[in-house]
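In the order they appear, the protein sequences are chains A and B. Numbering-wise (the working numbering), the first sequence opens with residue 78 and increments by one. Numbering-wise (the working numbering), the second sequence opens with residue 78 and increments by one. The C-beta atom is built at its ideal place from N, Cα and C for all residues, glycine as well. Report on the structure given below.
There are 2 protein chains.
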Amino acid sequence: MIMAILSKKQQDILAFIEKYHSQCGYPPTLREICKKFSISSTNGARYHLHRLKQMGYLEIEPNKSRGVKCVGNVSQQQEKSRSFRMPILGSVPAGPFDLASPDSNEEQLTVDPEFFGSRKQEPELFGLRVKGDSMIDEGIHDGDIVVVRAQPNANDGDIVVARWEEEATVKRFRRGGGQIILEPANPAYNPILIDDHGGKEEGQDIALLGVVVGLIRSM
Amino acid sequence: MIMAILSKKQQDILAFIEKYHSQCGYPPTLREICKKFSISSTNGARYHLHRLKQMGYLEIEPNKSRGVKCVGNVSQQQEKSRSFRMPILGSVPAGPFDLASPDSNEEQLTVDPEFFGSRKQEPELFGLRVKGDSMIDEGIHDGDIVVVRAQPNANDGDIVVARWEEEATVKRFRRGGGQIILEPANPAYNPILIDDHGGKEEGQDIALLGVVVGLIRSM
DNA sequence: TTGTTCATAGAACTTATGTTCAATAGTATA
DNA sequence: TATACTATTGAACATAAGTTCTATGAACAA
């Protein structure tokens with residue numbers, strides 16, 4: 078959409094609508110705009126709004142009070158899409174995660190889904206607090222939060238989160254020779270070996286919860 | 078403020094107002110609420126709203142269309158305050174950082190300032206992409222982003238970012254015996270020794286840029 | 001029972017708000 | 001000059017929307 082150049086007054090009006098909206102939580106009325114810009118007729122304000130609408134800067138819902146909306150409000154929309162309150166799962170439940178219904182009690186952490194290669198922002202990502210030092214050679218320390226993309230499969234070499242003996246464990250995922258290996262990154266620990274039956278990764282009491290796509294640490 | 082327990086319907090109405098607001102950009106009218114909940118009188122909706130207002134869940138501006146506002150709208154207000162677009166500094170400029178005026182070209186990353194122990198969200202934090210493996214024993218790898226609280230001083234033992242020979246370097250800060258030591262966490266590297274003249278940490282071409290308070294990694 | 005509170009309904013009313021029509025200058029353009 | 005577009009005004013209008021008052025039935029406690 079090619080947007081025409083706006084006059085000073087048009088820019089001011091647009092700015093006023095945005096500011097009013099962000100301050101009050103709702104858009105201004107025609108008369109509120111009139112008052113602000115010393116326009117003595119509501120039709121004056123209306124004139125400008127419909128002009129801005131035609132140029133694509135505003136959406137106007139007819140016959141609705143406060144029915145104006147700024148189009149392409151970058152500062153809000155982009156910032157919102159680059160921000161996601163990721164749930165941090167403490168204990169691992171027996172069943173699959175219910176990421177869709179975040180518990181308000183649970184710990185949450187704002188993350189940038191884009192940075193972790195996730196475009197969707199809904200329930201794809203979750204965090205998990207790492208216990209122990211079994212992945213220390215990968216720079217994953219006790220207390221770190223790993224950012225996990227929830228998915229039921231993984232590629233050879235991925236670092237994954239799996240449920241193993243009622244615990245969530247972070248390991249490197251290896252597959253080959255008819256078996257799956259969950260490999261720690263610490264010589265003091267032994268790898269976990271599981272028979273690979275092809276399809277589902279659920280051999281002996283194990284379930285793949287997701288792939289680790291990032292890490293966040295507070296010092 | 079002690080909030081009374083809400084009935085199912087009250088919760089639903091509150092949720093509806095929030096949802097409507099986030100979708101439309103403005104709050105619903107009494108009649109829209111009536112329609113949603115099959116209330117045949119505007120007074121029915123009004124009754125609930127003023128009740129919720131008394132309990133502190135809503136703000137109502139009298140005689141204003143769409144003049145309702147959810148109080149303590151956690152999803153928006155807290156989300157905003159718990160989110161900060163932190164600049165990621167690529168190269169280190171000669172002078173002090175100008176964190177106050179973020180360049181739109183520069184890389185940015187949404188972080189949770191609370192998680193990193195920072196209450197202010199303005200220009201206190203910045204990110205720095207780590208080069209090399211001199212801090213690998215601390216789990217800080219090449220390519221990681223360290224979250225830095227900008228400050229000109231540090232305590233013994235802090236991991237800091239310092240400008241050293243026109244480069245930003247991440248090291249452990251040690252002070253004692255009349256000198257400052259910038260200590261790598263990798264036996265393959267040698268510590269940097271600087272004479273300590275008390276006040277400013279600017280001995281030989283060195284400047285403390287901040288203290289590392291966190292780490293973010295994308296895999 | 002009686003009285004109270006809760007939840008809702010109906011109607012009338014006032015005000016807020018968007019819409020429409022007519023008119024007036026100023027300015028640019030043909 | 002004539003024409004068109006821009007910016008604004010004024011007034012009247014229709015409807016959207018908040019307010020007020022009265023009334024009713026259900027649940028509940030005294």
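- Among the residues of the region 185–214 of chain B, those with a Cβ less than 9 Å away from any Cβ of chain A are Gln185, Leu186, Thr187, Val188, Asp189, Pro190, Glu191, Phe192, Phe193, Gly194 and Ile213, in the order of the chain.
- For Phe114(A), the enclosing alpha helix (DSSP H) stretches over residues Leu107 to Phe114.
- Residue environment for His125(A): buried (at least 16 other C-beta atoms within 10 angstroms of its C-beta).
- Excluding sequence positions up to five before and after Asp273(A), its CB lies within less than 6 Å of the CB of Gly255, Gln256 and Ile257, all in the same chain and listed in chain order.
- The way I'd put it, the region 184–193 of chain A does touch the region 186–195 of chain B; three or more beta-carbon pairs between them come closer than 8 Å.
- DSSP places Ile217(A) in no beta strand (DSSP E); its state is neither H nor E.
- Per DSSP, Asp272(B) is one residue of the beta strand (DSSP E) stretching across Ile269 to Asp272.
- Taking Lys146(B) as reference, the option from Arg162(B), Pro164(B) and Tyr97(B) with the minimal CA-CA separation is Tyr97(B).
- Taking a Cβ-Cβ threshold of 9 Å, none of the residues of chain B is close to Arg249(A); the smallest such distance is about 11 Å.
- At least one CB of chain A lies nearer than 8 Å to the CB of Tyr103(B).
- Under the criterion of beta carbons closer than 8 Å, Ser195(A) and Gly291(B) do not qualify as touching, at roughly 20 Å.
- Following the DSSP letters along the chain, one finds Phe161(A) inside the beta strand (DSSP E) bounded by residues Phe161 to Leu166.
- Between Tyr103(A) and Tyr103(B), the CB-CB gap stays under 8 Å.
- Interface criterion met: the Cβ of Leu292(B) is under 8 Å from a Cβ in chain A.
- In this structure, Trp241(A) keeps its C-beta atom at 8 Å or more from the C-beta atom of Ile213(A).
- Within chain A, the residues placing a beta-carbon under 8 Å from that of Gly216(B) are Ile213, Gly216, Ile217, His218, Asp221 and Arg294, ordered along the chain.
- From the beta-carbon of Ile236(B), the residues of chain A found nearer than 9 Å are Met296.
- Per DSSP, Glu244(A) is one residue of the beta strand (DSSP E) stretching across Glu244 to Gly253.
- When the Cα atoms are used, Ala227(A) and Asp233(A) turn out to be separated by approximately 17 Å.
- Contact check for Arg108(B) and Thr119(B): beta-carbon distance about 6 Å, within the 8 Å limit, so the pair qualifies.
- Contact with chain B is found for Ser142(A), since one of that chain's Cβ atoms lies less than 8 Å from the residue's Cβ.
- For Val289(A), the chain B residues whose Cβ falls inside 8 Å of its Cβ are Met296, in order along the chain.
- Around Lys86(B), no beta-carbon contact reaches into chain A at under 9 Å, the shortest distance being about 20 Å.
- Counted as a single uninterrupted DSSP element, the alpha helix (DSSP H) harbouring Phe93(A) occupies residues Lys85 to Cys101.
- In the displayed model, Arg143(B) falls within coil according to three-state DSSP, outside both helix and strand.
- DSSP places Ala239(B) within a strand segment (E or B) once states are collapsed to three.
- Nearest to Pro229(B) by alpha-carbon distance, out of Ala265(B), Glu201(B) and Pro139(B), is Glu201(B).
- From the listed residues Ile116(A), Gly209(A) and Val224(A), the smallest Cα separation to Tyr266(A) is found for Gly209(A).
- Distance between Val148(B) and Lys85(B), taken at the CA atoms: about 18 Å.
- Chain order gives the chain B residues near Lys146(A) as Cys101, Gly102 and Tyr103, where near means a beta carbon separation below 9 Å.
- Closest in alpha carbon position to Gly287(A), among Ile217(A), His218(A), Leu91(A) and Gly204(A), is Gly204(A).
- Exposure of Glu138(A) is indicated by the presence of fewer than 16 other C-beta atoms within 10 angstroms of its C-beta.
- By the neighbour-count criterion, in which a residue is buried when 16 or more other Cβ atoms sit within 10 angstroms of its Cβ, Glu136(B) is exposed.
- Checking the DSSP bridge columns, you'll see Ser295(A) partnered with Gly291(B).
- Under the three-state reduction of DSSP, Gly194(A) is assigned to coil, being neither helix nor strand.
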